[in-house]
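Beneath this line is the structure, given in structure tokens, with notes to follow.
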Amino acid sequence: MEIINKRRSIRKYREDEIEDEKIDKMIRAAMQAPGSRMGQEPWEFIVVKNKDTIKELSKMDHNSKMLEGATLAIVLIANMDNSHFKKVWQQDMAAAATMLLLEASYLDLGAVWVNVAPHEHRMKFISEFFNLGENLKPFNMISIGYPQEGQENKFVDKYHEERVHYEKY
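Each residue of the sequence shown is one higher than the last, beginning at 2 in this note's numbering.
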């Protein structure tokens, strides 16, 4: 619960590079997410460490500007080769992205979810940028870096009792 409670969207980063070992841990955490098809999860990942490439990704639209200061971007892609995924791929990808964000927080990194799907212009931008085939659907990007001073993950109580309903609405 501690990691869940303290994780926040962090958009401002120091310039320190993120260690490969931490990148591996975040990807492994994402792949531990619950999937919908008995071990045939759709997720694939593009790890982007090159600052120039990250800067180009930040030009997707106004939603991706925070990438400009990131030292790492991870692009989550759904491989649609299994027809089952056509109905539930966004659910599977959201679970993987959430696990990745939680691990980033655990590793004292700052991260933020950058929406791609279901926005057609964003999906097209990522598909063209990485030359993705028809069977590969971009879901989102995670902007990652060591948080700037004062930007660290910290607890903010978001619980609203009035939104909890028992037995009926």
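Built from N, CA and C at the ideal position, the CB exists for glycine as well.
Where does Arg29 land, buried or exposed, given buried means 16+ other C-beta within 10 angstroms?
exposed
Where DSSP assigns a beta bridge to Lys138, which residues make up the other side?
Ala79
Determine the burial state of Gly134: buried for a count of at least 16 other Cβ atoms within 10 Å of its Cβ, exposed for fewer.
exposed
Using 8 Å as the cut-off, can you tell me whether the stretch 18-32 makes contact with the stretch 63-82, which would need three or more C-beta pairs spanning the two stretches below that distance?
yes
Does DSSP put Phe46 in a helix, in a strand, or in coil?
strand
So, helix, strand or coil for Ile11, using DSSP?
coil
Take Gln33 and list the residues in its own chain whose beta-carbon comes closer than 7 Å to its own, dropping the five residues that flank it on each side.
Met100
Reference Trp44, options Asn64, Met81, Met2, closest by Cα:
Met81
I'd like to know if the stretch 136-146 and the stretch 88-97 are in contact, where contact means that at least 3 CB-CB pairs between them fall below 8 Å.
yes
Run through DSSP, which three-state label would Ala95 get?
helix
For the beta strand (DSSP E) containing Ala112, name the first residue and the last one.
111-116
Does the Cβ of Val2 have 16 or more other Cβ atoms within 10 Å, making it buried, or fewer, making it exposed?
In the sequence on display, residue 2 carries Met and not Val. Under this definition Met2 is an exposed residue.
Taking only the alpha-carbon atoms, compute the straight-line gap between Ile55 and Arg12 and give it to the nearest angstrom.
14 Å
Nearest to Lys26 (by Cα), restricted to the options Leu108, Tyr147, Tyr14:
Leu108
Nearest-angstrom Cα separation, counted from Ile127 out to Val115
12 Å
Check whether Met61 and Arg123 have beta carbons under 7 Å apart
yes
From the DSSP output, which residues share a beta bridge with Ser144?
Ala74, Val113
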